[in-house]
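Number of protein chains: 2
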Amino acid sequence: MAYRETDRVRARKAEARSRLIAAAFALVTKGGFRNAQVSQVAELAGVATGSVYRHFASKGELFSEVFRIATQKEVDKVSEALATPGSALERLERALRTFAVRALKAPTLAWSLIAEPVDPQVDADRLQYRLAYAELFQRAIEEGTATGELPPQDPRISATALVGTIAEVLVGPLSPGSHAALGASGPSHQHHLVEGIVRFCLQALTGKALNTDNSPQSFAEGASS
Amino acid sequence: MAYRETDRVRARKAEARSRLIAAAFALVTKGGFRNAQVSQVAELAGVATGSVYRHFASKGELFSEVFRIATQKEVDKVSEALATPGSALERLERALRTFAVRALKAPTLAWSLIAEPVDPQVDADRLQYRLAYAELFQRAIEEGTATGELPPQDPRISATALVGTIAEVLVGPLSPGSHAALGASGPSHQHHLVEGIVRFCLQALTGKALNTDNSPQSFAEGASS
DNA sequence: ACATAAAATGAATCGTGATTCACACTTATG
DNA sequence: CATAAGTGTGAATCACGATTCATTTTATGT
């Protein structure tokens, strides 16, 4: 016997592994899964292409992990927002804001997590992601209806609708390459979007009119057809 | 000069061309763009693979056309619903129902049109598709706010949110291969989904509570994890 | 230092599917 | 009928990226 894995090696391997994940994450954040080839990931992580397979059985497995990590981070934030003190409605509003604002800050990533097509393996994870959000919202809605704060409704449908609303408003019109437009649109426009979303969602949930100032901003600014 | 295209030939070509489109459409409807290879399309249309390229410069162009046609059909239906007589709200409700019911009837197609990743060329068309819907809704919402029937709001955001809500509720939880589950869930469940969507959307638009019977149905039936 | 075993490498291989193309077959004109 | 000009064919080619693997490098134990 003349060799056995030692701590130093184990540490280096772990380091390389997380460097790979970080690299993959960075590539997805920048250009979506589509432009994240194994060789690119390897290069960015500073290892050879083949080495990727020392750490992950396949590309799908690597990206599945990237996806799960990114997902976890986002879902945690929303979960946190829902765990703050306050009425169900207040907490839902905070959660919606959190979701929306974070998605606006990293639109390509948000788009990748919510909508971009990838591996079948990753697609399965995406379902989890959407579901995780929906379930968080669902629970809060159930609390709200239980206390009478919210009118009776199917909490699963409402929760799913919240996810859909945010996803569509934020990434739908901005998905392909037009993320640039978003960045260029200025924080004021972004704020307007978030307020619009929140208002729409809260009205849908409560059935009560909100007075929030959502008087049309400069609509003409976007492509109007 | 000894040959010039004549009517008969032109007709045959046109026929083959539309047969190709029909075949591509059928494949997309059944399995999404992912399982619609050029060779499959050719086979289904009863021509050789190479012949496809006598009619379309590339796969992207063929599917782009398929996409546009499918889109047009759907958008026309919604447009029709919005053109019926009645208040803005009534018309919006009809339009939402139309959109939702049609998507439920052909979920794979709906998913392909709304969300499935494909060619960059087709992705561009998808933007058009979503936009077309959003613009239809937007116009109706603008009419509603003009007459005071609807409270002031950013019509573009609301319109986009409507699209997102329907898309997510209908195709989100049902996208990968679970369309089967949808079909198996029975018309009663489908009806429940549509009602839930409509209620959510109308409340969001009007800020007024609706009494529609949306008391939770059998929620336990879906994956509850 | 030497031997051994694991780890890293990256060029070669493989798989998938779109696209091409040399050839055979049809159609229109004189 | 001969000829020009298409059309249709489908096997071969290409492109692109994931995956493999023979070889080299590095690490450990004696």
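Read top to bottom, the protein sequences are chains V and X.
According to the numbering used here, the first sequence is numbered sequentially starting from 118.
According to the numbering used here, the second sequence is numbered sequentially starting from 118.
Don't be surprised by glycine CBs; every beta carbon is placed ideally from N, CA and C.
Residue-chain proximity (residue i, chain X), Cβ-Cβ < 8 angstroms
{"i": "serine 313 (chain V)", "result": "It is glycine, not serine, that sits at residue 313 (chain V) in the sequence shown. Answer yes: the Cβ-Cβ gap between glycine 313 (chain V) and chain X drops below 8 angstroms somewhere."}
{"i": "lysine 325 (chain V)", "result": "yes"}
{"i": "serine 204 (chain V)", "result": "no"}
{"i": "alanine 337 (chain V)", "result": "The pLDDT assigned to alanine 337 (chain V) is 40, lower than 50, so where the model puts this residue is not dependable; a value taken from the coordinates is nonetheless given after this. No - not a single Cβ of chain X is within 8 angstroms of the one on alanine 337 (chain V)."}
{"i": "glutamine 320 (chain V)", "result": "yes"}
{"i": "isoleucine 274 (chain V)", "result": "yes"}
{"i": "threonine 277 (chain V)", "result": "yes"}
{"i": "glutamate 285 (chain V)", "result": "yes"}
{"i": "proline 293 (chain V)", "result": "Reliability fails at proline 293 (chain V), whose pLDDT of 45 lies under 50, so the model's placement of it is uncertain and the value that follows must be treated cautiously. It does: the Cβ of proline 293 (chain V) has a partner Cβ on chain X nearer than 8 angstroms."}
{"i": "phenylalanine 317 (chain V)", "result": "yes"}
{"i": "aspartate 124 (chain V)", "result": "no"}
Sequence-distant residues of the same chain with beta carbon closer than 7 angstroms to residue i, five excluded per side
{"i": "glutamine 255 (chain V)", "result": "Pro272, Arg273 and Ala276"}
{"i": "arginine 211 (chain X)", "result": "Ala198 and Thr201"}
{"i": "leucine 327 (chain X)", "result": "Arg316, Leu319 and Gln320"}
Residues that residue i bridges to, as DSSP identifies them
{"i": "lysine 64 (chain X)", "result": "Nothing about residue 64 (chain X) can be reported from this structure: the residues present for chain X run from 118 to 342 only."}
Residue j beta carbon less than 8 angstroms from that of residue i
{"i": "alanine 174 (chain V)", "j": "alanine 165 (chain V)", "result": "no"}
{"i": "alanine 257 (chain X)", "j": "alanine 205 (chain X)", "result": "yes"}
{"i": "valine 169 (chain V)", "j": "leucine 144 (chain V)", "result": "no"}
{"i": "threonine 323 (chain X)", "j": "leucine 253 (chain X)", "result": "no"}
{"i": "glycine 177 (chain X)", "j": "aspartate 236 (chain X)", "result": "yes"}
{"i": "serine 156 (chain V)", "j": "valine 239 (chain V)", "result": "no"}
{"i": "histidine 172 (chain X)", "j": "arginine 127 (chain X)", "result": "no"}
{"i": "lysine 190 (chain X)", "j": "threonine 215 (chain X)", "result": "no"}
Nonlocal neighbours in the same chain, by C-beta distance under 6 angstroms from residue i, ignoring five residues either side
{"i": "threonine 264 (chain V)", "result": "none"}
{"i": "alanine 217 (chain V)", "result": "Ile283, Val311 and Ile314"}
{"i": "valine 192 (chain V)", "result": "Ala249"}
{"i": "alanine 251 (chain X)", "result": "Ala276, Thr277 and Val280"}
{"i": "alanine 162 (chain V)", "result": "Arg136, Leu137 and Ala140"}
Distance cut-off 7 angstroms: residue i Cβ against heavy atoms of the ligand FMN
{"i": "threonine 277 (chain V)", "result": "The ligand FMN is not part of this structure, which contains no ligands at all."}
Contacting residues, own chain, Cβ-Cβ under 8 angstroms from residue i (five flanking each side not counted)
{"i": "threonine 188 (chain V)", "result": "Leu230, Asp242, Gln245, Tyr246 and Ala249"}
{"i": "glycine 114 (chain X)", "result": "Absent from the model: residue 114 (chain X). The displayed extent of chain X is 118 to 342, so no value can be given."}
{"i": "valine 183 (chain X)", "result": "Ile138, Ala141, Phe142 and Val145"}
Within-8 angstroms CB hit, residue i to chain V
{"i": "serine 181 (chain X)", "result": "no"}
{"i": "glycine 343 (chain X)", "result": "Outside the shown range of chain X (118 to 342) lies residue 343 (chain X), about which nothing can therefore be said."}
{"i": "aspartate 184 (chain X)", "result": "It is phenylalanine, not aspartate, that sits at residue 184 (chain X) in the sequence shown. Closer than 8 angstroms: no."}
{"i": "aspartate 242 (chain X)", "result": "no"}
{"i": "alanine 297 (chain X)", "result": "Its pLDDT being 49, under 50, alanine 297 (chain X) is placed unreliably by the model, and nothing is read from it."}
{"i": "leucine 310 (chain X)", "result": "yes"}
{"i": "phenylalanine 216 (chain X)", "result": "no"}
{"i": "isoleucine 119 (chain X)", "result": "Strictly speaking, residue 119 (chain X) in this sequence is alanine, with isoleucine absent from that position. No, no contact with chain V."}
{"i": "glutamate 260 (chain X)", "result": "no"}
{"i": "glutamate 233 (chain X)", "result": "yes"}
At which residue ranges does the region 134 to 204 of chain V contain complete alpha helix (DSSP H) runs of 4 or more residues, listed in the order of the chain?
155 to 162, 169 to 172 and 176 to 200
For the region 207 to 243 of chain X, which segments carrying the alpha helix (DSSP H) assignment without a break, of at least 4 residues, lie completely within its bounds, in sequence order?
224 to 231
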